[in-house]
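Let me begin by presenting the structure, written as C-alpha cells, before commenting on it.
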Amino acid sequence: MLKIKSLFFFVILLLLLTDTFYSQQFDWKALRFAPSAARHDDMHFITPDLGWIVNSSGQIYKTSDGGKNWTKQFQSSVYFRSLKFADSLRGWAGTIDEDKVLYHTNDGGLNWNLITNIPDPKPKRICGLAVPNDSVIYGSGAFDGPAIIIKSTDGGQTWESIDMSQYAGNLIDIYFLNSDSGFVVGGTPAKQILFDTKPIVLFTGDGGKTWEVRYSGNNVGEWGWKIVFPTKNISYVSLENLNEARIIKTIDGGNTWSEIPVNDLSDLEGIGFYSENIGWVAARQEEKITLDGGITWQQTDIGEQINRFQFFGDTLAYAAGVTIYKLTKSVVTDITDMKIINKNFFLLQNYPNPFNPSTNITFSLPNSANVRLKIYNGLGQSVKVLLNEFMHSGKHTVPWDGKDENGNIVSSGFYIYRIDAGNNAQSKMMILLK
1145 MLKIKSLFFF VILLLLLTDT FYSQQFDWKA LRFAPSAARH DDMHFITPDL GWIVNSSGQI
1205 YKTSDGGKNW TKQFQSSVYF RSLKFADSLR GWAGTIDEDK VLYHTNDGGL NWNLITNIPD
1265 PKPKRICGLA VPNDSVIYGS GAFDGPAIII KSTDGGQTWE SIDMSQYAGN LIDIYFLNSD
1325 SGFVVGGTPA KQILFDTKPI VLFTGDGGKT WEVRYSGNNV GEWGWKIVFP TKNISYVSLE
1385 NLNEARIIKT IDGGNTWSEI PVNDLSDLEG IGFYSENIGW VAARQEEKIT LDGGITWQQT
1445 DIGEQINRFQ FFGDTLAYAA GVTIYKLTKS VVTDITDMKI INKNFFLLQN YPNPFNPSTN
1505 ITFSLPNSAN VRLKIYNGLG QSVKVLLNEF MHSGKHTVPW DGKDENGNIV SSGFYIYRID
1565 AGNNAQSKMM ILLK
C-alpha cells in the first residue's frame, strides 16, 4: 500500500511538473508592430516569414520578416473572413459581404480584384478556403446559410457552385487533403440557422461530386467552426455554441469521431494543434491548452478573439485575433523521468495513440539489462506488468491489448507506461479511446 501511495504521488508530481514545464515553454507574445482590429479572422503563412492576414475592417496586410513589420496592401468596406494562398503570388480572400464574397491576387497582394464569375447558386459568404494544389481551390459558406461550396480546377479562372442544402444548413470551414479528398464542417439543415442547428462533418473523395456524413451531432444550437489536421489521421473540429464548449476528434482519418468536453469555456471557435496531443482552443476572451489530446485542459493566455492558428513544426506558431500573436519557444514532447537517460536508450510514443483496443510500445536498450515495463492508470495504480525479464541490447516492441492483470478490458482514459532498465528509466502517457 505504501508503494502504491508513493507511486501515486510520484506520478501526480511528474505530471504537474511536466504541465508547469509546458506552460512555461508555450509563451505567446503579441507582435509589437502587428495591426489591430476587432478581429483578424484568418491568416496564411506560406513560409515562417512570409504571410498575410485579413480582418473585420476590410484590410489585408503582408509581412515578409515573420511579423516584425507589416504592409497594408488593401483597404475596403467588406468584412474579410477567410484567406488562402497557393504560392507567393496567388491568393484568395473570402468575405461575409453578400455582394463581394471573394477577392483574388496574382502579384503577392499588391492588387486585389473582386471575382465576379461565380455561377448560381451564389454563396452569400465565403467562411472557409482550401487550396490543395496550384490549380484547385475550394470555398465554403455561409455560417447563416445557405450551404454552398465553390470550386475551381484552373487556378481560379472559372468556378462552379455546389448546392449542399441536402446535407447542411450552414457551412463554415473546409479542409482538403488533396485535390479530391476533403472535409467541410458546419450544421445540419434547420428552420432557424444556428438556433436549431446540429453539428455535422461531411467528407468527399471525388472532388465534391458526392458527400458522406462522417459525423452528425445531437446537440441543438451547435455547429462545426474550424477543422485542423495535425497529422494525417488525427483531426480536431471546434464546435461553437453559447453554452458548454466541446470539440470532436478523429484518430482514423475522419471515419469516426468522438466528442471531447472543454471545461469552463463557452463560445468556442479557434482551435490549433501542433502535434497529435498538444494544442489550444480559444473562445472570445480566453484560451485553454491540452497536453494529452483533449483529456485534460489548462487555462492559458494567448490574446483575444483568437480564430486561427498556424504552426511550423514544434518551435514556431502564429495565432490571429485582435492582433497577431507568435510562439517561438522550443518544446519537448516527452514525459521523462528524472534519471539520466543514456543517449542510446529511448522509449518511443506508443502507436497507435490514441488506441482501441491495442497498441505497441517500442524501446531501445544500449546494453543488456533487466527490464520492467509497467502500465499505470491516471491514479498511479498498477494496471499490468508487460515485461519483467532480462533482455539483450537492441530495439524491442511489446504489444498491450488494453487488459489488466486479470484479463479484464480497462476503461477509456489516459494511462502511463514506464520502463526501468538498469540505470535508465522513462515514462510516457497514452490514451485509450473507445
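For the sequence shown, the numbering used here begins at 1145 and goes up steadily by one.
The beta-carbon is built from N, C-alpha and C at its ideal position, and this holds for glycine as well.
None of these values were measured; they are calculated from a predicted model.
| Check | Outcome |
| --- | --- |
| Determine, using beta-carbon pairs with one atom in the segment 1207 to 1223 and one in the segment 1260 to 1268, whether at least three such pairs fall under 8 Å. | no |
| Taking Phe-1339 as part of the beta strand (DSSP E), name the residues at either end of that continuous run. | It is not in any beta strand (DSSP E) - Phe-1339 carries neither H nor E in the DSSP assignment. |
| What does the alpha-carbon distance come out to for the pair Ala-1426 and Ala-1463? | 10 Å |
| Smallest Cα separation from Asp-1317: which of Phe-1339, Leu-1530, Val-1381 and Gly-1437? | Val-1381 |
| With DSSP as the reference, identify every bridge partner of Gln-1570, one or two as the case may be. | Ile-1563 |
| Beta carbon of Pro-1267, beta carbon of Ser-1279: below 9 Å? | no |
| Could you give the residue range of the beta strand (DSSP E) that holds Lys-1539? | 1538 to 1544 |
| Does the separation of the CB atoms of Thr-1506 and Pro-1496 fall below 9 Å? | no |
| Of all the options Thr-1297, Asp-1288 and Gly-1289, which has the alpha carbon lying nearest to the alpha carbon of Tyr-1282? | Thr-1297 |
| From Phe-1224 to Ile-1197, what distance separates their C-alpha atoms? | 9 Å |
| For the segment 1445 to 1452 against the segment 1358 to 1365, are there 3 or more C-beta pairs whose distance is under 8 Å? | no |
| For Val-1329, count the other beta carbons within 10 Å of its own beta carbon; 16 or more makes it buried, fewer makes it exposed. Which is it? | buried |
| Would DSSP call Ile-1306 helix, strand or coil? | strand |
| Please name the residue or residues paired with Gln-1443 in a DSSP beta bridge. | Lys-1432 |
| Go through its chain and collect everything with a Cβ distance to Ser-1537's Cβ below 7 Å, but skip five positions before and after it. | Leu-1509, Pro-1510, Asn-1511 and Ser-1512 |
| According to DSSP, is Thr-1260 helix, strand or coil? | coil |
| Reducing DSSP to helix, strand and coil, say where Ile-1575 ends up. | strand |
| Start and end of the beta strand (DSSP E) containing Trp-1401? | Note, Trp-1401: premise wrong, no beta strand (DSSP E); not H, not E. |
| Going by Cα to Cα distance, which pick from Ala-1312, Asn-1488, Met-1574 and Glu-1533 is closest to Gly-1437? | Met-1574 |
| Need the endpoints of the beta strand (DSSP E) that Ala-1461 sits in, please. | 1460 to 1464 |
| Whole angstroms are fine: how far does the CA of Pro-1374 sit from the CA of Tyr-1311? | 26 Å |
| Given a cut-off of 9 Å on the beta-carbon distance, is the pair Leu-1227 and His-1188 in contact? | yes |
| Within its chain, find whatever has a CB closer than 6 Å to the CB of Leu-1175; leave out the 5 residues flanking it on each side and keep chain order. | Gly-1211, Ile-1468 and Lys-1470 |
| DSSP puts Arg-1176 in a beta bridge; with which residues? | In DSSP, Arg-1176 forms no bridge with anything. |
| Could you give the distance in angstroms between the alpha-carbon of Ser-1220 and the alpha-carbon of Gly-1300? | 21 Å |
| Please classify Glu-1431: is it buried, with 16 or more other beta-carbons within 10 angstroms of its beta-carbon, or exposed? | buried |
| Alpha carbon to alpha carbon, what distance is there between Thr-1440 and Arg-1428? | 20 Å |
| Under 6 Å Cβ to Cβ from Asp-1186, same chain only, skipping five residues before and after it: list those, please. | Val-1198, Ser-1226, Leu-1227 and Arg-1452 |
| Can you tell which of Gly-1397, Ile-1292 and Gly-1414 has its C-alpha closest to the C-alpha of Arg-1390? | Gly-1414 |
| With DSSP collapsed to three states, give me the class of Leu-1530. | strand |
| Check the DSSP bridge columns for Val-1425 and list the partner residues they point to. | Ile-1415 and Lys-1432 |
| Could you tell me the distance, in whole angstroms, from the CA atom of Glu-1494 to the CA atom of Thr-1541? | The residue asked about is misnamed: residue 1494 is Asn in this sequence, not Glu. The alpha-carbon atoms of Asn-1494 and Thr-1541 are separated by roughly 10 Å. |
| Taking its Cβ as the centre, do 16 or more other Cβ atoms sit within 10 Å of Lys-1149, making it buried, or is it exposed? | At Lys-1149 the pLDDT is 45, less than 50, meaning the model places this residue with poor confidence; the figure from the coordinates comes in the next sentence. It is exposed - the Cβ of Lys-1149 has fewer than 16 other Cβ atoms within 10 Å. |
| Would you give the residue range spanned by the beta strand (DSSP E) that Thr-1191 belongs to? | Segment: none, Thr-1191 is in no beta strand (DSSP E) and carries neither H nor E. |
| Give the straight-line distance between the Cα atoms of Asp-1545 and Asn-1377, rounded to the nearest whole angstrom. | 21 Å |
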